[in-house]
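Q: Start counting the sequence shown at 2; every next residue gets the next number (the numbering used here).
Don't be surprised by glycine CBs; every beta carbon is placed ideally from N, CA and C.
Pasting a structure below so you can have a look.
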Amino acid sequence: MLNLYNLRDTMAQLNVFSQPIRAGEHIDMGSSIRELTPEQRQWLQQMADEFHKRFIGVVLSRRKAAAADEPSNFDGRVFTAAEAQRRGLVDRLGYLDDAIAAAAALAGGQPGAGQQGISPQPLQVVMFHRPDDPARSPYALSPNTPLQGNLLPVSVPGLERSRLPTFLYLWQLEPTLESAAGR
2 MLNLYNLRDT
12 MAQLNVFSQP
22 IRAGEHIDMG
32 SSIRELTPEQ
42 RQWLQQMADE
52 FHKRFIGVVL
62 SRRKAAAADE
72 PSNFDGRVFT
82 AAEAQRRGLV
92 DRLGYLDDAI
102 AAAAALAGGQ
112 PGAGQQGISP
122 QPLQVVMFHR
132 PDDPARSPYA
142 LSPNTPLQGN
152 LLPVSVPGLE
162 RSRLPTFLYL
172 WQLEPTLESA
182 AGR
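Have a look at this one:
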């Protein structure tokens, strides 16, 4: 899914007008300052369709139990963990501690115990993060804050997605709707 917003009229109400200098006819395709042409919309739709086909191919190559003839597996709907397991999209269900224990078992040890013959150190989860990152545990979120600040001091649902962690092919509730509701 590609969320695009046309803010041209909103910007005009605030007396803000774009003056782009472009080095190509389509370099600003999808920009929020102008409307998509039918040709650009078709091009972006073809890209989305191509990414979707690739996603289906990757899933089916690694998940033989996920039925290729079951179109609802790939139409964008969200499944609970139990439903995804029933459809063959996941092997098993668990929490972060379960995933860490499974990774430790694959590495030949137990979390917190020394690994025989390889290292006297116990197996542990290592978190890499940027300086001043507020996330200090594997359960914490680390915002993906853009380098440039906000152009407009407004909160529009969908525009603040770049401030949150983003995973490809992973559903998440529209985060700015939740913050707009006062939570």
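Can you give the Cα-Cα distance for Gln46 and Gly109, rounded to whole angstroms?
A: Each residue's Cα considered, the two are about 46 Å apart.
Q: Give me the Cα-Cα distance between Asp29 and Pro72, rounded to the nearest whole angstrom.
A: Answer to the nearest angstrom: the Cα atoms are 34 Å apart.
Q: Given Ala103, which residues of its chain have a CB within under 8 Å of its CB, disregarding the five upstream and five downstream residues?
A: So the qualifying residues of the chain are Gly95.
Q: I'd like the ranges of any alpha helix (DSSP H) spanning at least 4 consecutive residues and lying wholly in the region 65–107.
A: Runs found: 82–87 and 97–107.
Q: In whole angstroms, give me the CA-to-CA distance for Leu37 and Ala106.
A: The alpha-carbon atoms of Leu37 and Ala106 are separated by roughly 51 Å.
Q: Nearest-angstrom Cα distance between Asn4 and Asp50?
A: Rounded to whole angstroms, Asn4 to Asp50 spans 15 Å at the Cα level.
Q: Cα separation between Leu8 and Arg88?
A: Between Leu8 and Arg88, the C-alpha separation is close to 40 Å.
Q: Roughly how many angstroms separate the alpha carbons of Ala85 and Val127, rounded to a whole number?
A: The alpha-carbon atoms of Ala85 and Val127 are separated by roughly 29 Å.
Q: To the nearest angstrom, how far is it from the Cα of Asp10 to the Cα of Gln43?
A: Spanning the two alpha carbons is a distance of roughly 23 Å.
Q: Relative to the C-alpha of Gln125, which residue among Asp133, Ile101, Ala141 and Arg63 is closest?
A: Checked all of Asp133, Ile101, Ala141 and Arg63; the closest Cα to Gln125 is Ile101.
Q: Determine the direct distance from the alpha carbon of Ser33 to that of Met48, and round the result to whole angstroms.
A: Roughly 19 Å separates the two Cα atoms.
Q: For the alpha helix (DSSP H) that His53 lies in, which residues bound it at each end?
A: Start and end: Pro39 to Arg63.
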